[in-house]
Each structure stands twice: as C-alpha cells, then as structure tokens.
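Before any comments, here is the structure.
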Amino acid sequence: MSVRLILVGPPGAGKGTQAAGIAERYGIPAISTGDLFRAHAKAQDELGRLAASYSEKGELVPDSVTNQMVEERLGEADAAAGFLLDGYPRNLDQVSALDAMLGEKNVDVVVELQADDDVVVQRLLGRAQEQGRADDTEEVIRHRIEVYHATTKPIIDAYAGRGLVVSVNGLGTVEEVAAAIDDALRDFLGR
Ligand code: AP5
1 MSVRLILVGP
11 PGAGKGTQAA
21 GIAERYGIPA
31 ISTGDLFRAH
41 AKAQDELGRL
51 AASYSEKGEL
61 VPDSVTNQMV
71 EERLGEADAA
81 AGFLLDGYPR
91 NLDQVSALDA
101 MLGEKNVDVV
111 VELQADDDVV
121 VQRLLGRAQE
131 QGRADDTEEV
141 IRHRIEVYHA
151 TTKPIIDAYA
161 GRGLVVSVNG
171 LGTVEEVAAA
181 IDDALRDFLG
191 R
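Laid out in structure tokens, this is it:
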C-alpha cells in the first residue's frame, strides 16, 4: 500500500510527531530534511556545519545542497515504492527540483497540517526546555514562522492547483490529529 506523500506545515505543527505513524501505516520511509541536517550536524561533517550555519538562524539551507541530499535519499532502495517527505519541498524552486527527480510518477498527496502561530510558538518553547534544539529560541522560532509564511506556504497553492492537497487541523491531542490525518488520507486515497 505504498504512497508518495508530502507533509507540510509550520514549524511545530506536529509534522515529525505524526510522520512516524503515517509512514508505518503505509509501509514507507519517513524522510525529514531537518532530521537529515541535524544528523550531519551531530556528526560534525562538512554538510552538517554548513546546514547548521543556516538552521541556527532559522534560514533555509541553500537549495542546491538540500536538493542533492534529497535526491540521494530518494535513490535508496527503501524509497523506491513510496515515501513520506517531511519538510521538503519548502519553496517553489524545491517543488521544481522534486518534479525533475520524480518525473511522470509524481507525488500522490500533500498533507497540510494547520496550526496557529501562537500555538506552535508555545509548543516549540516547550520542546526547547526538553530537548534544547539550537533553533528553538523564541527569536529564531518567530523567524522560522515568517519564513514558512513567505516561502513555504506558496507550495501549498502550487500543489492545490494540481488537486493534491488535503488540509488537516493540527490542533488537538496527538491522537486526535493522527485520527484526522488517517481519515483524510483514507477519503483522499481511497485506502
Ligand atoms: P525542520 O526540522 O523541518 O523544522 P520545522 O519545520 O521548523 O519543524 P519542527 O521540527 O520544528 O516541527 P514539527 O512540525 O516537526 O513539529 P514536531 O512534531 O517536532 O527544519 C529545521 C531547519 O532545517 C530549517 O529551519 C532549515 O534551516 C533546515 N531545513 C529543513 N528542511 C529544509 C529544506 N527543505 N530546505 C532548506 N532548509 C531546510 O512537534 C513540535 C513540538 O510540539 C514537540 O515538542 C511535540 O511533542 C509537540 N507536539 C506535536 N504535536 C502536538 C499536539 N498535537 N499537541 C501538543 N503538542 C504537540
């Protein structure tokens, strides 16, 4: 029951939290560009240092770097039949890059997780206390939200124009949001 799925939403909407359950249900790998960058940063390799220099400020990592990393990841065997992309594409140029990578068999569905700015700020400040992620300071969180509205939201319109977007309310408990995503996907995909 494979599917090619994009999960999009503001910082703190719950993309990472929900990705695992969706991926498990459809038997696909969850691929988070943010997680990939953080893994490189932890390994202190060249890509990690470069990515951290942008993400610590809440800026997007340059497209050339991000697109190449995603293309390599999608080339791995486990992504051949389907995948969930969390945090990619994040601007219109990345949409074009993904189109080129996927060719005719493009994505099946784009799940937009909606959440108010005030709620996501509170969630991320809570996570900052638990995990101390470098980009979870209030100033950087607010900048990430600005970048989302200016740069990432337009991709939702682009995919909506192709009839691929399902929007889900990201407010509520983790279980309630998971159930809402499940229902929306079943309606949209018929499976
Ligand atoms: P990325 O890691 O993608 O960060 P983000 O989009 O800001 O998303 P978050 O991980 O902060 O939030 P989330 O929606 O996954 O929420 P989560 O489930 O964690 O990107 C980080 C950086 O990497 C970018 O700023 C950029 O620099 C770079 N980058 C990544 N992709 C890139 C790209 N394509 N191009 C260029 N640069 C890129 O939940 C958040 C918190 O809320 C958690 O504590 C969680 O427990 C809690 N929570 C979740 N759901 C609920 C709920 N229903 N109720 C209460 N609490 C909840």
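1 is the number of the first residue of the sequence shown in the UniProt record's numbering; add one for each residue after it. Beta carbons: idealized from backbone N, C-alpha and C, even for Gly.
Residue i versus residue j - alpha carbon distance
i, j, result
"I145", "P10", "6 Å"
"P62", "V8", "19 Å"
"S53", "N169", "32 Å"
"A79", "R4", "9 Å"
"Q114", "E46", "34 Å"
"A39", "L164", "30 Å"
"M69", "K57", "20 Å"
"V121", "E104", "38 Å"
"V65", "D183", "35 Å"
"D35", "L124", "16 Å"
"Y159", "D116", "21 Å"
"E138", "E175", "27 Å"
Same chain, Cβ closer than 7 Å to residue i, neighbours up to 5 away in sequence not counted
i, result
"A55", "It is worth fixing the name first, because residue 55 is Ser in this sequence and not Ala. Only F37, V61 and D135 meet the Cβ criterion."
"F188", "V109 and V166"
"S32", "G16, A19, D86 and G87"
"A178", "Q18 and G21"
Cβ-based neighbour list, residue i, same chain, cut-off 8 Å, excluding 5 preceding and 5 following
i, result
"A180", "V168, N169 and G172"
"P89", "I6, V95, A97, L98 and I155"
Same chain only: Cβ atoms within 6 Å of residue i, ignoring 5 sequence neighbours per side
i, result
"G48", "H40 and A41"
* **Inter-stretch contact (C-beta, 8 Å, three-pair minimum) for the region 24 to 36 and the region 80 to 96** => Enough Cβ pairs lie closer than 8 Å, so yes.
* contact_flag[the region 87 to 102, the region 120 to 131] where n(CB pairs < 8 Å) is 3 or more -> Contact between the region 87 to 102 and the region 120 to 131 is absent, because fewer than three Cβ pairs lie under 8 Å.
* On the three-pair Cβ rule with 8 Å, is the region 70 to 77 touching the region 151 to 159? -> Verdict: no, contact absent.
* Note down, one range per segment and in chain order, each alpha helix (DSSP H) of at least 4 residues found wholly within the region 91 to 123. => Taking only runs of at least 4 residues, the alpha helix (DSSP H) segments lying wholly in the region 91 to 123 are 92 to 102.
* **Sequence ranges, alpha helix (DSSP H) only - wholly within the UniProt region "NMP" (32 to 61), length at least 4** => Qualifying alpha helix (DSSP H) stretches, in chain order: 33 to 43 and 46 to 55.
* Of all the alpha helix (DSSP H) runs that stay within the bounds of the region 116 to 173, which reach a length of 4 or more residues? -> When DSSP assignments are scanned along the region 116 to 173, the uninterrupted stretches of alpha helix (DSSP H) that are 4 or more residues long and fall wholly within it turn out to be 117 to 131, 138 to 147 and 153 to 160.
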